[in-house]
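Order-wise, the sequence lines are chains A and B. One point on numbering: in this note's numbering, the residue at position 53 of the first sequence is 57, and numbering is uninterrupted. One point on numbering: in this note's numbering, the residue at position 56 of the second sequence is 187, and numbering is uninterrupted. Yeah, the Cβ is synthetic: ideal placement off N, Cα and C, and Gly gets one too. Model, not experiment: these values are computed from the prediction.
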Amino acid sequence: MTTRLRRAAIGVGLLFGVVVALPGTPASAGTDPEALLRGARDASEDAALAGVVEVRWREGDDLRSAETDARSREGAVIVGHGNNLAVGGENSRWSANDGIATRWGGIDSKQPPGPGSTWNLELDDDAEVAGRDAYVVVARDDDDTPRARFYVDQDLGVLLRRDVLQEDGDVDRSVRYTRLSAADVVPAVPPVPAFAPGPSPTDDFGDQFVAPARLEPGFRLLGRYEHPDGTVQLFYNDGLFSLSVFEQQGAVDWDALPDGGHGSVVDGERASTYSTAAGTVVVWGRDDLVLTGVSDAPPDVAFGAFETLDGTTDDLFTELVDFVLGPFGWN
Amino acid sequence: MSAEGMRPDALHEDALSAYLDGELDATARAEVEARLAESAEWRAILDELRETRGALRALPPVEASPAFWHRMLGDETVVDLAAARRAKHRRAPWKLAVAGAAAAVVIVVGVAAIPQRDKVKPAVASFTDAHATRSSLNEDVVSNLASVGIPGFGR
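Encoded structure:
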């Protein structure tokens with residue numbers, strides 16, 4: 005059953021008062037893939053950990069890698085150090101580069117879709133990551149092709165590794181602990197840098213910007229933000245992956261883009277695509293807008309979503325299902 | 132012109148034509164009018180002249196061709212009057228130059244007035260960090276912030 009049909013069936017059942025057994029309803033958090041991924045969303049903040057995290061990403065035929073360190077305790081998470089630093093606390097984040105920090109706080113966005121709302125989840129054989137036992141959750145698309153693997157610590161519930169897969173099964177991007185200690189760590193508090201004005205949630209931006217509520221195949225708009233320079237950021241999530249589209253008025257200055265991009269096409273428009281540690285980055289222009297898309301989804305999935313940015317019109321029924329199921333995170 | 136020298140039979144048409152054209156002095160005009168009063172023939176001729184002139188005036192003007200004037204005058208230097216009139220209506224070169232310059236100014240001003248799209252250099256590295264940081268609010272914090280914690284793209 006496709007994701008859309010399943011959502012529709014659930015919506016009809018609820019609307020007419022019929023009890024429908026939800027596929028994947030947690031029976032046991034320890035072995036249910038959806039419950040494992042839900043629990044891993046917050047486990048890192050709750051645990052006391054110190055470790056080294058490696059990021060691998062594919063650039064053409066090359067597989068690049070870089071390491072950083074991560075520490076967490078009592079709700080605070082610190083990743084990186086020096087000029088490349090990110091700090092997370094309850095419902096707030098700030099990231100700093102070259103001594104200037106950008107803060108995200110007070111974000112009251114919609115709940116993200118459930119991890120299994122777009123993807124078919126199943127448990128694979130157990131594995132070991134950084135010397136720790138892990139459950140392995142495989143996310144498959146509607147063609148039953150594996151597109152991601154998630155390794156969840158069997159003891160702490162922490163996400164130890166995440167692999168994003170290309171269509172042919174090769175790893176496109178991987179983030180994993182290479183060393184991890186769950187001892188009673190005390191993370192060093194980094195010096196607080198100077199804060200620059202950060203993005204703020206907004207519902208009021210010009211008609212020149214586009215903000216569809218959904219992007220294919222299952223990305224839902226969770227927030228709209230305006231940056232101090234006027235850039236509008238749309239933030240989407242499909243339960244497993246997230247995607248941002250940054251919109252600026254004007255025409256792309258192709259000569260000023262960073263090196264390393266390769267030519268591509270989005271929605272019939274010239275584009276430049278980058279493979280980065282954060283995922284796929286695409287810059288293109290359309291209708292007097294400069295659009296920059298960033299996503300940690302598989303590249304073909306991200307491209308498919310960007311292609312639908314011109315406005316997927318949600319029908320009334322879909323909106324109704326979202327309204328009913330949204331608060332439960334089931335849609 | 133005086134009516135005295137007119138031969139009454141041969142030249143009465145000339146006298147009447149001059150009379151119709153207002154070319155006679157007061158004395159000659161008085162004599163012609165006296166004749167007209169006495170002679171039915173003169174009155175009939177005067178009526179014919181009036182009708183003939185009216186008919187001619189009613190005809191559309193006909194412009195003679197240059198060949199006609201060549202034949203008539205035998206003058207190689209005769210001017211093509213129609214061509215000369217057309218040339219008169221043509222703009223002089225300096226007028227054309229002024230008109231062209233004015234059109235150019237209008238075009239330049241028009242192009243300048245059309246809003247030009249600003250060239251934008253998207254802050255790709257900052258956007259990447261912003262996305263990763265925002266993602267960490269809904270998803271696993273460490274795996275999302277890891278890309279912020281490493282030097283690399285665009286930095």
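The beta carbon of A/Phe-199 sits closer than 6 Å to those of Ala-105 and Arg-107, all from its chain and outside the five residues before and after it, given in chain order. If you look at A/Ser-48, you'll find it in the alpha helix (DSSP H) that goes 37-50. Its Cα nearest to that of A/Ala-152, the residue A/Val-140 stands out among A/Gln-158, A/Phe-209, A/Leu-184 and A/Val-140.
The Cβ-Cβ distance between A/Asn-241 and B/Pro-282 does not fall below 8 Å. Contact annotation: the stretch 293-307 of chain A touches the stretch 243-252 of chain A, with at least three C-beta pairs closer than 8 Å.
Only exposed fits B/Gly-185, as fewer than 16 other CB atoms lie within 10 angstroms of its CB.
Residue state for A/Pro-262 is assigned as coil, using DSSP reduced to three classes.
The Cβ atoms of A/Val-57 and B/Val-273 sit closer than 8 Å to each other. For A/Pro-303, the secondary structure class from DSSP, reduced to helix, strand or coil, is helix. Nearest CB-CB separation between A/Thr-182 and chain B: not below the 8 Å threshold. A/Gly-227 places its beta carbon less than 8 Å from that of A/Pro-205.
Among the CB atoms of chain B, one or more fall inside 8 Å of the CB of A/Arg-166. At the C-beta level, A/Thr-35 and A/Leu-125 stay beyond 8 Å of one another.
Under the Cβ criterion (8 Å, minimum of three pairs), the stretch 81-96 of chain A does not count as touching the stretch 211-219 of chain A.
Contact with chain A is absent for B/Gly-231, since none of that chain's Cβ atoms lies less than 8 Å from the residue's Cβ.
Separation of A/Asp-129 and A/Asp-137 (C-alpha to C-alpha, rounded to the nearest whole angstrom) is 11 Å. Note on geometry: alpha-carbon atoms of A/Ala-275 and B/Leu-276 lie some 26 Å from one another. A/Val-168 is positioned such that its CB atom lies closer than 8 Å to that of A/Asp-300. Excluding residues up to 5 positions away in sequence, nothing lies with its Cβ nearer than 8 Å to the Cβ of B/Gly-153 in the same chain. Taking 3 residues as the shortest admissible run, the stretch 230-292 of chain A contains the following complete beta strand (DSSP E) segments, listed from N- to C-terminal end: 236-241, 246-253, 266-270, 273-280 and 283-290. Here A/Asp-73 has Ala-54, Gly-55, Val-56, Val-57, Val-83, Gly-84 and His-85 as same chain residues with Cβ atoms under 8 Å from its own Cβ, once five neighbours each way along the sequence are excluded.
Looking at the DSSP output, B/Leu-155 sits in no beta bridge, so it has no partner there.
Proximity of A/Asp-300 to chain B, defined by a Cβ-Cβ separation below 8 Å, is satisfied. One alpha carbon belongs to B/Lys-250, the other to A/Glu-311, and they sit about 23 Å apart. Interface flag for B/Ala-261 against chain A is set, since a Cβ pair is found closer than 8 Å. In the DSSP assignment, A/Trp-123 is bridged to no other residue.
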